[in-house]
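Residue numbers (our numbering), protein chains in the order written: chain A, 71 to 567; chain B, 71 to 567.
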């Protein structure tokens, strides 16, 4: 047979000239650091010209171009049109800022390029240590299992999978939900993040089985309404399988009464899952941790490290109190993955047994290096600083004759709007939408918008380590100027009610 | 209120000394390139000493240490104990090698740190272009939708979600599977990857609803058996919802008759999903693409770019022929994510509408830069080189008096074992296990092991761009030496049958 084909060649994707490649890599580092050191002078956001967009319609190149040329395209086409979340005046949605040392760690992780699905190599020990640190940070039991995931959507999905599989007295993985009776139900407040509903849909439970529970005036889940909903479902023959508590809702940062929820779940024998996407990390602060009391009693907790730990995307974490239930929900070891007790297929950390992915990148390294470099105390100070910024902004808004808070300030989120006496609610919605869009389009600042009780509000979420007090002052000054411009534009010329 | 708290400080996680930080970053680049340029001289794998493992049990530090010190720990504790997949003689499982330019792109992506869940910023156009290129590479319709995901486990999950949701005439997302009749079933060969079963379990379909279909002597799905299984299920009132075809099985690289499967699915009106984890990319080769014919007819295709495109972890892709069905399975837009038609919440690319994650990192950049730098022709040559290497290894094994092939060689995978006349099957299993473990433990080479027809076999998967012919020769020579050592050790001293 050996005559039937030519001897294979020895082509490689390694650089032909390592010295030149090193030089280019070092140039990239210098350029990026120069860019980030001066990010404050940039506009937060700018529109992408059509001719740039057109470049991204070109077909895949068959032939090579030099890495220098490709990098130049990156500098010309990509760098000038960022999302804006690197900038000190980005407070949109709940989007992390990232750090330069986190980005360097990503480079190191990608250079080493291990597959952290399992096996005996050191990356898996780093992963496990970061999971252990996550338990420490949240005051969660050390005996829990955990998994670093792409983010809280995945963390919520994993938590709810374990909840679902543990709620029935048959083999859910084998038999599924098809034709099963009675029907499983879950509970969460109206303010709960959409990823919980998405998880319900994916798991075959159906969004109809997610009971959305009303909230009180602080936008926390109404415990009495929850109790009644559970009782009513049980009476009708449903099986309540999971209650989701919020440690910081996405809309307003509200924190549910987690101990109250834990008590109900204990009494009713229901899985207690906490979605702490960003808020869970407030557990690092002595001033805030009492508000999160009860989180440590949850059966599973989901939270992100790429939000309020300022790490680059993607890294989230799910913790599950009962390791065995967690493993049982995901372990699956076919012949080609047989673990040996020696060599690289040995080792104690098989993360693919605890989640959906089999191949996994080395997410942990950026957390490991950053937590070591900064120490938890510095993270606590930065998180506190963001909360102080939210308080500062709130105090300025409350003192302002033409602005009003639209939800109780909680944690790092401030929901407010500009008001003009005599304007109708519809006019105020249009005014505030236009203020927000001009703030963004002119590259001044990027808060985002949301609706609270059907009214349009401007929402600033502080999880930016570059923000200074002067940035908040500039936000408010700019809103005043824009509001007056918009009035002059007769933009809101609907008849005044 | 403003008197109740102190004015927020202006602490940041940005470096205090940008010049020193740049220098350290450049040092990291130089160190990593030096390491990779000389990787051939390293052992492929080595055991981790207990004192190193102990370091990863330490609690989270409260106080900072310098980035230099942290980096030194990385060099001392992490770099020396890699998985081995950077090395020219790593052929374990199907694990990618990674490239240095891919790792630099990861650093650039992490520095820019956009959230590619959606919105109007340039990263999303890069994501879309890479998805378009993926369609080109696979010969898939340009009108299809797609999503870059963490890897093929997630890609398979997304594909099967759309299949499941599209199989019923009610709203699956709302009503779920609970109590639904009749029961949905899926079909795949016994050689299919475990991630398909995991997806069935997650989606609430239950692994019992995955019909495992026998294979022929080439380890391809038996079309007649599939036909019979579908017919029998329909007769019994089940709804066949999905057939999974393999474009390169994990065990042996077998490619199912994809046109045969597409014909059956068309006739029976069943969703056709292709798992092409690594094999799909053989479509780039004129010599191989005829074997993949029919893949372009699939309703969804899953494949990885971190395997046979040599990119660093994590990056996989799912393509779905019917954009609208894809979107319907995942779109969910709550108030706080309202899309505007202007500003950063505008834009046409909302990838969170097509998958599970809401926040998404900038996975596309490493693919975009690498495909531009190398061009598709170079990828085709490298993939062909890996196939040639598998053919070369096969020819040497077939010509060897003490080695035998254990499955037909297909694509890049070679399954074989060492044989000693007179040894029982059990002795051969033990012998080959021991050969594999010593190969790995002595750092000579890392193939992996699997079972084929209950026999232990050594399995070499070629998706390494650093492998040279001399590495394959060394593998075979080392196996001979180890086999003779093991015989001398009287390791296999079970009575000879």
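The beta carbon of each residue, even a glycine, is placed where N, CA and C say it ideally should be.
- Within the segment 246-264 of chain B, the residues whose Cβ lies closer than 9 Å to some Cβ of chain A are 246, 247, 248, 249, 250, 251, 252, 253, 254, 263, 264, listed in chain order.
- In this structure, residue 169 (chain B) and residue 156 (chain B) do not form a Cβ contact; the two beta carbons are roughly 10 Å apart against a cut-off of 8 Å.
- Using a Cβ distance threshold of 7 Å, residue 347 (chain B) and residue 374 (chain B) count as a contacting pair.
- Pairing residue 339 (chain A) with residue 305 (chain A), the inter-Cα distance amounts to about 15 Å.
- Near chain A, meaning a CB-to-CB distance below 8 Å, the residues of the segment 157-174 of chain B are 162, 163, 165, 166, 167, 168, 169, 170, 171, 172, 173, 174.
- Counting along the chain, the unbroken alpha helix (DSSP H) around residue 435 (chain A) starts and ends at 434-469.
- Taking 7 Å as the cut-off between beta carbons, the residues of the segment 77-97 of chain B near chain A are 77, 78, 79, 80, 81, 82, 83, 84, 85, 88, 91, 92, 95, 96, in sequence order.
- Here the C-alpha atom of residue 158 (chain A) lies approximately 8 Å from the C-alpha atom of residue 114 (chain A).
- Of the other Cβ atoms in all chains shown, fewer than 16 fall within 10 Å of the Cβ of residue 124 (chain B); this residue is therefore exposed.
- By DSSP's assignment, residue 309 (chain A) forms a beta bridge with A:254.
- Taking 7 Å as the CB threshold, residue 349 (chain B) stays off the interface with chain A.
- Within the DSSP bridge table, the entry for residue 345 (chain A) names A:316, A:372 as partners.
- Within the segment 497-511 of chain B, the residues whose Cβ lies closer than 7 Å to any Cβ of chain A are, in chain order, 507, 510, 511.
- Within a 10 Å sphere around the beta-carbon of residue 302 (chain A) sit fewer than 16 other beta-carbons, which makes this residue exposed.
- Those residues of the segment 263-283 of chain A placed with their C-beta closer than 7 Å to a C-beta in chain B are 264, 265, 267, 268, 271, 272, 273, 274, 275, 276, 277, 278, 279, ordered along the chain.
- Residue-level contact by beta carbon fails for residue 364 (chain A) and chain B, as no gap is shorter than 7 Å.
- Excluding residues up to 5 positions away in sequence, 211, 212, 214, 216, 389 lie with their Cβ nearer than 8 Å to the Cβ of residue 205 (chain B) in the same chain.
- The beta carbon of residue 445 (chain A) sits closer than 7 Å to some beta carbon of chain B.
- About 7 Å separates the Cβ atoms of residue 188 (chain A) and residue 419 (chain A), confirming a contact at the 8 Å cut-off.
- Beta-bridge annotation (DSSP): residue 528 (chain B) is paired with B:486, B:519.
- Against chain B, the beta carbon of residue 126 (chain A) has neighbours under 7 Å at 195, 196, 198, 199, listed in chain order.
- Closest in C-alpha terms to residue 152 (chain B), from the list A:141, A:182, A:135, A:138, comes A:182.
- Taking the C-beta atoms as reference points, residue 140 (chain A) is found nearer than 7 Å to residue 439 (chain B).
- In this structure, residue 509 (chain B) places its C-beta atom within 7 Å of the C-beta atom of residue 515 (chain B).
- Sorting A:447, A:341, A:366 by C-alpha distance to the C-alpha of residue 135 (chain B) places A:447 at the top.
- Under the criterion of beta carbons closer than 8 Å, residue 293 (chain B) and residue 315 (chain B) do not qualify as touching, at roughly 11 Å.
- Exclusion of the five residues before and after residue 120 (chain B) leaves no residue of its chain whose Cβ lies closer than 8 Å to its Cβ.
- At a C-beta separation below 7 Å, residue 176 (chain A) has these neighbours in chain B: 176, 177, 180.
- When rounded, the separation of the alpha-carbon atoms in residue 280 (chain A) and residue 130 (chain B) is 37 Å.
- Rounded to whole angstroms, the separation of the alpha carbons of residue 221 (chain B) and residue 357 (chain B) is 26 Å.
- Inter-segment contact for the segment 423-434 of chain B and the segment 256-266 of chain B is absent: fewer than three beta-carbon pairs are separated by less than 8 Å.
- In summary, the residues of the segment 105-135 of chain A whose CB is separated from some CB of chain B by less than 8 Å are 105, 106, 107, 115, 117, 118, 122, 123, 126, 127, 128, 129, 130, 131, 132, 133, 134, 135, in the order they occur in the chain.
- The beta carbon of residue 391 (chain B) does not come within 7 Å of any beta carbon belonging to chain A, so the residue lies off that interface.
- When secondary structure is reduced to three states using DSSP, residue 222 (chain A) falls in the helix class.
- Annotation for residue 329 (chain B): 363, 364, 367 place their beta carbon closer than 8 Å to its own, counting only its chain and skipping 5 residues before and after.
- With respect to the C-alpha of residue 83 (chain B), the residue from A:443, A:512, A:513, A:488 having the closest C-alpha is A:443.
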